[in-house]
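Positions 2 to 420 (our numbering) are the ones given, in order, by the sequence shown. Cβ atoms here follow ideal geometry from the backbone N, Cα and C, with glycine treated the same way. Encoded as structure tokens, the structure appears first; notes follow it.
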Amino acid sequence: MSGNGKQGKILVIGGGISGITVAIEAAEAGCSIVLVEKNAYLGGRVAQSNKYFPKLCPPMCGLEISLRRLRANGRIQCHTLAEVEKIVGEPGNYRATIKHYPRHVNENCTACGACVDVCPVERSNVFNYGLDKTKAIYLPFEAVYPQRFVIDGGVCEGTSCSKCVEACQYNAVDLEEKPRTEEVEVGAVVFATGWQPYDAAQIENLGFGQYSNVITNSIMERLAAANGPTEGRITRPSDGKEIDSVAFVQCAGSRDENYLKHCSGVCCLASLKQATYIREQYPETQIFIFYIDVRAPGRLEDFYAARQEDEKLSIVKGKVAKIEEDPATQDLVVEAEDVFGGGRVSQRVNLVVLATGIVPSEVGVDVPNGLIRDEHGFLVAEQNQPGLLVAGCAKRPVDVSACMRDATGTALKALQNCV
Ligand SMILES: Cc1cc2nc3c(=O)[nH]c(=O)nc-3n(C[C@H](O)[C@H](O)[C@H](O)COP(=O)(O)OP(=O)(O)OC[C@H]3O[C@@H](n4cnc5c(N)ncnc54)[C@H](O)[C@@H]3O)c2cc1C
């Protein structure tokens with residue numbers, strides 16, 4: 002492969018675990034890669050999780066290995082804070098327009114944090130789903146790649162403030178940096194744009210957005226994370242109190258014609274995993290998981306079986322009909338069927354976690370001919386069409402190891418278009 006020009010070059014859109022894997026596998030086989038990520042950092046949703054099932058190791062362990070390979074490979078050009086605006090062309094010969102948004106912080110940044118101390122403006126921390134705040138100049142999270150601060154241009158007071166410029170002894174802050182566009186020619190394009198959480202506020206009967214002690218599974222990942230808003234303490238959002246009972250509601254909005262028809266495949270395992278977060282902190286807390294069917298395919302069944310040994314974990318087959326708050330205590334009352342026990346149950350708990358599903362991310366660009374969306378909005382590459390490909394959760398909801406296998410196969414297909 003030449004590695005020059007469009008021949009031997011692949012555009013990968015999305016720098017989550019799937020996009021990173023496509024990039025490193027194809028680059029190590031000799032291709033040049035342009036990796037475009039809209040966030041200020043790589044890692045996607047995995048970087049936001051506390052631990053991975055089934056091994057329950059921190060996600061940065063696995064990510065760090067991939068990021069080391071990425072950093073070591075001179076064939077990968079990595080653009081964060083960038084999006085693809087337009088793609089034209091045909092297999093073997095695409096032209097893409099990339100828009101680069103300003104970070105306002107250059108490579109001189111040592112992440113020392115002197116700028117944060119003087120910044121007078123706060124913003125909602127999107128990385129923690131708005132549970133806390135950062136300054137307008139911030140590091141998205143510890144161990145972030147690239148290890149560099151970023152300024153939220155939507156809230157920063159710019160040159161009328163300039164306190165961060167004065168505080169930075171490395172000349173790393175440029176408040177006047179402007180957006181710019183760039184065109185690249187590539188032989189293939191891989192969409193690895195991943196997923197976003199289904200908006201739980203859409204679900205009328207489960208109280209999200211109405212009762213502060215009803216949270217989602219994605220929020221639970223941040224609550225349990227040591228680098229999260231509570232430094233890993235799982236407490237009630239309403240009052241910061243410890244919890245003595247918690248209910249997980251499976252298929253919250255999923256497999257339901259009114260909301261999200263598909264099964265997201267990972268939510269059962271995610272709740273079983275999150276039950277271990279609770280148990281680590283609260284040996285006596287009663288945990289309930291209300292489910293329709295538990296889906297733990299293949300070897301993940303062992304993970305499910307191991308969780309069932311927890312005597313204070315009740316796994317109840319029954320759909321949740323309604324959640325209401327007791328205004329006096331802000332406890333929640335969960336009303337559900339109990340298929341095996343017969344009848345209905347009404348369970349009072351301190352905290353409810355909705356196991357909400359996965360929906361495909363916006364790709365931010367007109368999807369070119371050759372790619373279609375399935376009935377759930379996930380991207381599908383048309384058969385025998387070698388130039389436009391899809392990897393990971395942009396294609397269907399799957400766990401990390403399935404994403405990595407899929408991305409490796411996708412890299413192989415993309416390579417065939419780039420020789
Ligand atoms: C609550 C929950 C817990 C989970 N826990 C586990 C677990 O313990 N173990 C496990 O194996 N799996 C788990 N998963 C699944 C795991 O999160 C996914 O398998 C994984 O995130 C998929 O990676 P991805 O790269 O395909 O997508 P993502 O992680 O979504 O990454 C996609 C990337 O593309 C970027 N992007 C999106 N659109 C654009 C665009 N237009 N332009 C540029 N960039 C773009 C995004 O910013 C993001 O960085 C969990 C899922 C949920 C919902």
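Taking the Cβ of Thr194 as the reference point, at least one heavy atom of ligand 1 falls within a distance shorter than 7 Å. The C-alpha of Val191 lies about 44 Å from the C-alpha of Leu333. When C-beta atoms of the segment 274-281 are compared with those of the segment 250-262, fewer than three pairs fall below 8 Å, so the two segments do not count as touching. Distances taken from the Cβ of Lys39 to the heavy atoms of ligand 1 include one shorter than 7 Å. Only buried fits Val267, as 16 or more other CB atoms lie within 10 angstroms of its CB. With 16 or more other Cβ atoms inside 10 Å of its own Cβ, Arg149 counts as buried. Straight across, the Cα-Cα distance linking Val381 with Gln197 is about 17 Å. For Gly63, there is no enclosing beta strand (DSSP E); the enclosing alpha helix (DSSP H) covers residues Pro60 to Ala73. Between Pro230 and Leu132, the beta carbon gap of about 4 Å places them in contact (Cβ cut-off 8 Å).
When DSSP states are grouped into helix, strand and coil, Ala112 belongs to the coil group.
Assigned with DSSP and collapsed to three states, Glu143 falls in coil, not helix or strand. Contact between Ile324 and Val247 does not hold, since the beta-carbon distance rounds to 13 Å and is not under 8 Å. Contact holds between the segment 77-90 and the segment 34-45, because three or more Cβ pairs, one in each stretch, are under 8 Å apart. Within the segment 249-308, the beta strand (DSSP E) runs of at least 3 residues that lie entirely inside it are, in chain order, 287-292. Each residue's CA atom was taken as its position, placing Ala306 and Ala297 some 10 Å apart. In this structure, Gln49 is the residue among Lys164, Ile18, Ala28 and Gln49 with its C-alpha nearest to the C-alpha of Phe128.
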